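Student: Residue numbers (the UniProt record's numbering), protein chains in the order written: chain A, 1 to 329; chain B, 1 to 329.
Take a look at the following structure, please.
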C-alpha cells in the first residue's frame, strides 16, 4: 500500500457502465486511477497480477439473479486467482433507458398500442411502468445485454413487439453500437449516462419492470488482512455488520456432507445470507457451493467465524475463505 | 388417465432438439403423441391446461449449470401452475456438432491454426478435443443457443476466431436459420440430428469442451398421486432410489430461517442433492430456494419425508412440494 502516486481500480467497462457507477460510489477519482476493462475476467486478471489494487464486478441483480461469470471466476477451478478476496460490496439502483435516434416524422403519431398481447401464461399482462418519449415505430433492432432484456420485459412486449433482438456484452456497448447506426432504426437499452456519452436521444426512461431493480457489486482485492482504507464513504456511515463468503465442495461419495457443511453455520449461530452453486467441472452434477454469512474473519470477538471455518475444514472436501467485509448503511 | 387414444407429451422444440432426444428416451412414440413447442413456458402452459399429460423441459447442464427459465417457472410467483409437479428426470449426453455448408474450394487448405490464442487468464490454453472436417475459413457467422456457446469455448476460440456470434433460442433453431443461408458463410452449433433434419453438412463432431457433457431434463405432469405409468423403460431397469423437490421462502426478518429449513433435512437424515435460488421478486435480494433431496413423498415407509415436510411448514415463510420421482439405473 506504499506505492507512490494514485492507486488503480479496474472495473467492467466500458465507460458509463453500471459497474462504472458502482465504482464511483466507492472510490474517489481524486485518489484512484479508474481503469475500464472489457470482461469480468480482465478485472480478476489485473487484480491478481497486482496491476491494480482493487476491482469491481457485478455479482447479482435483484430481478435476474446471480451473475454466473463472476461465480465461475470466484470458483477459480484452475487456480488462477489464489490471492483474490472479496473486500466489499455496493448496490446500484438500475434505471434502464431506451436510447437511439428520434424519428421526427413519426413524432406526432403517439406511443404505440400501450397494450401487451395476452398469452396463455400471462392472460392479463400488467402495463409497463413507463411510456415512450414519442413514437417508436421506426425501431427495427434492439441491442442490449441479456440481463437488461430480462429486466424490461413489460416495456419491450408492449411498445417494441416484433423488433429484432441483438444480445451484446454490455448495455454501454449496446449504446455504442447504436451510435454508429446510419439508418436511424436501431435502439439500445442502457443507462442515461451511456446515452449521453454516445450522443443518443432518450426514447424512454425507467423502462425496467420493477422500480426496485438493483444490482449488487463486489469489490475484490488481494489485501484481505489490511484494513479497508479504500472506502470513500465509510467515515460518514455507520457500520451495519459484516459479511463473509466461502466456497466449498463436498465428497461425492457422501451426499450428506452438504448438510454437514451447512450445519456448521447453524452450530455457530451465523446467519446465512445467500447460497449459490455452480458445476464443479470435476464430474457431472457435482457442484462448488458459495455461501455468504454474517460475520467477519478478522473481527470475530467471540470466535464464531473462526469456529465455523474450522468445522468446515473438517467436513468439506475442499473449501476456501473468499473474504470478509464491513457493510455500511 | 382414461382418455381414449394416445396421450400427448409436449417438449421444448423444435424437432431434433436435445429435449426431443430426452423425450424419446422416456416416452414411446407408439403410445404418445409428441408435441414440440416454442418455449419452456409453453410446456408448462400445456401441462397445466391439461392439453397434454406430460411435459419435458431442460433443468441443468453439467458444464453450464442451471436453466434459470425452468427454475423461474417452477417458482410460479404468479400462481399460474398450481397443479404442476415434477414426476421424473432423464439425462442426455450432449454432443455438439458444427454444421453448415462445406466450402469446396477451401477444402484442401487444412483446418485452421489449431492453436488457441493465449490470454492472461489462460496463458497455456488446452487444445480442443475435436478437429474440423475440412476448412472453416469461409465461416463468418455462428448461430447457437447461449448454453451451447458456453460448452464449446475451446473449439470456437481455436478454429472460429473472429467469427460473429448470434445467440438464438435453441440449437435446432440455429440449424434451421443456417439452412436458409444463401451465402454459404453461416454455421450453427447443434446436434447431428438437427443437421440431418435441416440438410446441413457436419463441419465438426463432438466439438464440446468436455466429453462428459450431459443435460438433465425434468418430466412434469399434474398427476402426482398416480403411479408413474409413463416410464417406458422402468420395467427393464432397477430402481436407484427416489428424489423429491421442494421450493420455499424464508421470513426476511429472520435470516437464520434459511439454516432452520436446511436443518429439517438433516434432522430426518435426508440427503440433499441440489440447492438453487432465484430472486423472490417480492423484495430485492430475497430469494426463493429450491432443494432436491433423496426420498419419495408417496413411498415413505419410515416417515422421514413426511416428517421433514411437516417441519419445513413450521419454519419456512411459504413452501411447496414440487414432486417426487423414482430414479432408474
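The C-beta atom is built at its ideal place from N, Cα and C for all residues, glycine as well.
Since this is a predicted model, take the numbers as computed values, not measurements.
Give the residues of chain A in contact with residue 68 (chain B), contact being defined as C-beta atoms less than 7 angstroms apart.
Tutor: Going along chain A in sequence order, the residues near residue 68 (chain B) (Cβ under 7 angstroms) are 65.
Student: Return the Cβ separation of residue 73 (chain A) and residue 44 (chain A) in integer angstroms, given the expectation that the two are a contact with Cβ distance under 8 angstroms.
Tutor: That pair is a contact at about 5 angstroms.
Student: Mark residue 236 (chain A) as exposed unless 16 or more other C-beta atoms lie within 10 angstroms of its C-beta, in which case mark it buried.
Tutor: Interpretation of residue 236 (chain A) is limited by its pLDDT of 41, a score under 50 that renders its predicted location unreliable; the figure taken from the coordinates is listed afterwards. Residue 236 (chain A) should be labelled exposed.
Student: When the Cα of residue 285 (chain B) is compared with those of A:79, A:213 and A:186, which residue comes out closest?
Tutor: Checking every option, the nearest Cα to that of residue 285 (chain B) belongs to A:213.
Student: Below 9 angstroms between beta carbons: does that hold for residue 16 (chain A) and residue 193 (chain A)?
Tutor: Going by C-beta atoms, residue 16 (chain A) is nearer than 9 angstroms to residue 193 (chain A).
Student: May I ask you to list the residues that DSSP assigns as paired with residue 214 (chain B)?
Tutor: For residue 214 (chain B), which the question treats as bridged, DSSP gives the partners B:93.
Student: Can you grab the Cα-Cα spacing for the pair residue 176 (chain A) / residue 196 (chain A), in whole Å?
Tutor: Whole-angstrom Cα-Cα distance: 11 angstroms.
Student: Does the separation of the CB atoms of residue 22 (chain B) and residue 99 (chain B) fall below 9 angstroms?
Tutor: Not in contact: residue 22 (chain B) and residue 99 (chain B) (Cβ atoms no closer than 9 angstroms).
Student: Identify the contact partners of residue 337 (chain B) in chain A, using a Cβ-Cβ distance below 7 angstroms as the criterion.
Tutor: With chain B represented from 1 up to 329, any question about residue 337 (chain B) goes unanswered, as that position is not in the structure.
Student: Examine chain D for any beta-carbon lying closer than 9 angstroms to the beta-carbon of residue 275 (chain A), and answer yes or no.
Tutor: Checking the listed chains, one finds no chain D in this structure; the protein chains it contains are A and B.
Student: Could you tell me whether the segment 311 to 321 of chain B touches the segment 241 to 250 of chain B, using the rule of 3 or more Cβ pairs below 8 angstroms?
Tutor: Verdict: yes, contact present.
Student: Using a C-beta to C-beta distance shorter than 7 angstroms, which residues of chain B count as neighbours of residue 266 (chain A)?
Tutor: Residues of chain B passing the Cβ test: 259 and 263.
Student: Just to confirm before moving on: does the CB-CB distance between residue 254 (chain B) and residue 294 (chain B) stay below 9 angstroms?
Tutor: No. Outside cutoff.
Student: How big is the Cα-Cα spacing for residue 135 (chain B) and residue 203 (chain B)?
Tutor: Near 8 angstroms, if we compare the C-alpha coordinates of residue 203 (chain B) and residue 135 (chain B).
Student: For a cutoff of 9 angstroms on Cβ pairs, would you count residue 309 (chain B) as touching chain A?
Tutor: Answer no: the Cβ-Cβ gap between residue 309 (chain B) and chain A never drops below 9 angstroms.
Student: I'd like to know if residue 284 (chain B) contacts chain A, where contact means its C-beta is closer than 9 angstroms to some C-beta of that chain.
Tutor: Yes, its Cβ sits closer than 9 angstroms to a Cβ of chain A.
Student: Under a CB-based cut-off of 9 angstroms, is residue 302 (chain B) close to chain A?
Tutor: It does not; no Cβ of chain A falls within 9 angstroms.
Student: Give the residues from the segment 19 to 30 of chain B that approach chain A closer than 8 angstroms (Cβ to any Cβ), ordered along the chain.
Tutor: Listed in sequence order: no entries.
Student: Which two residues bound the contiguous beta strand (DSSP E) that contains residue 36 (chain B)?
Tutor: Note, residue 36 (chain B): beta strand (DSSP E), 32 to 37.
Student: When you compare only the Cα positions, how much space is there between residue 238 (chain A) and residue 129 (chain A)?
Tutor: Because the pLDDT at residue 238 (chain A) is just 49, under 50, the model does not fix this residue reliably, and the point stays unresolved.
Student: Run through DSSP, which three-state label would residue 313 (chain A) get?
Tutor: Reduced to three states, the DSSP call for residue 313 (chain A) is helix.
Student: Can you name the residues of chain A whose CB is closer than 7 angstroms to the CB of residue 62 (chain B)?
Tutor: Going along chain A in sequence order, the residues near residue 62 (chain B) (Cβ under 7 angstroms) are 279, 284 and 285.
Student: Just to confirm the assignment: which complete alpha helix (DSSP H) runs, minimum length 4, are found wholly within the UniProt domain "ACT" (246 to 324) of chain A?
Tutor: 257 to 267 and 304 to 315, all fully within the UniProt domain "ACT" (246 to 324) of chain A.
Student: Could you check the C-alpha separation between residue 288 (chain B) and residue 279 (chain B) for me, to the nearest Å?
Tutor: Each residue's alpha carbon lies about 6 angstroms from the other.
Student: Using CA coordinates, which residue listed in B:26, B:223 and B:179 is at the minimum distance from residue 49 (chain B)?
Tutor: Checked all of B:26, B:223 and B:179; the closest Cα to residue 49 (chain B) is B:223.
Student: Using the three-state DSSP reduction, which class does residue 66 (chain B) fall into: helix, strand or coil?
Tutor: Looking at residue 66 (chain B) - three-state DSSP - the assignment turns out to be strand.
Student: May I have the straight-line CA-CA distance separating residue 133 (chain B) from residue 69 (chain B), to the nearest angstrom?
Tutor: Residue 133 (chain B) and residue 69 (chain B): Cα-Cα distance of roughly 35 angstroms.
Student: Using a threshold of 9 angstroms, state whether the C-beta atoms of residue 209 (chain B) and residue 154 (chain B) are closer than that.
Tutor: Going by C-beta atoms, residue 209 (chain B) is nearer than 9 angstroms to residue 154 (chain B).
Student: Beta carbons nearer than 7 angstroms to chain A: which residues of the segment 142 to 169 of chain B have them?
Tutor: Correct list: 167.
Student: Following the continuous alpha helix (DSSP H) through residue 58 (chain A), name the residue where it begins and the one where it ends.
Tutor: From DSSP, residue 58 (chain A) is part of no alpha helix (DSSP H) but of the beta strand (DSSP E) over 54 to 61.
Student: Go ahead and pull the three-state DSSP assignment for residue 24 (chain B).
Tutor: Here residue 24 (chain B) sits in helix by DSSP.
Student: Kindly list the residues whose CB is nearer than 8 angstroms to the CB of residue 36 (chain B), restricted to its own chain and excluding five residues on each side of it in sequence; keep chain order.
Tutor: These residues qualify, in order along the chain: 10, 11, 12, 13, 14, 15, 17 and 20.
Student: Going by other Cβ atoms of all chains shown within 10 Å of its Cβ, with 16 needed for buried, is residue 283 (chain A) buried or exposed?
Tutor: By the neighbour-count rule (16 or more Cβ atoms within 10 Å), residue 283 (chain A) is not buried but exposed.
Student: Just to make sure I have the definition right: I need the residues of chain B whose C-beta is within less than 8 angstroms of the C-beta of residue 212 (chain A). Which are they?
Tutor: Per Cβ cutoff of 8 angstroms: 283 and 284.
Student: Residues of chain B with CB under 8 angstroms from residue 216 (chain A), in chain order?
Tutor: Those are 285, listed as they occur along chain B.
Student: Which residues in the same chain have their Cβ closer than 6 angstroms to the Cβ of residue 174 (chain B), if we skip the five residues on either side of it in sequence?
Tutor: So the qualifying residues of the chain are 143, 144, 168, 188 and 190.
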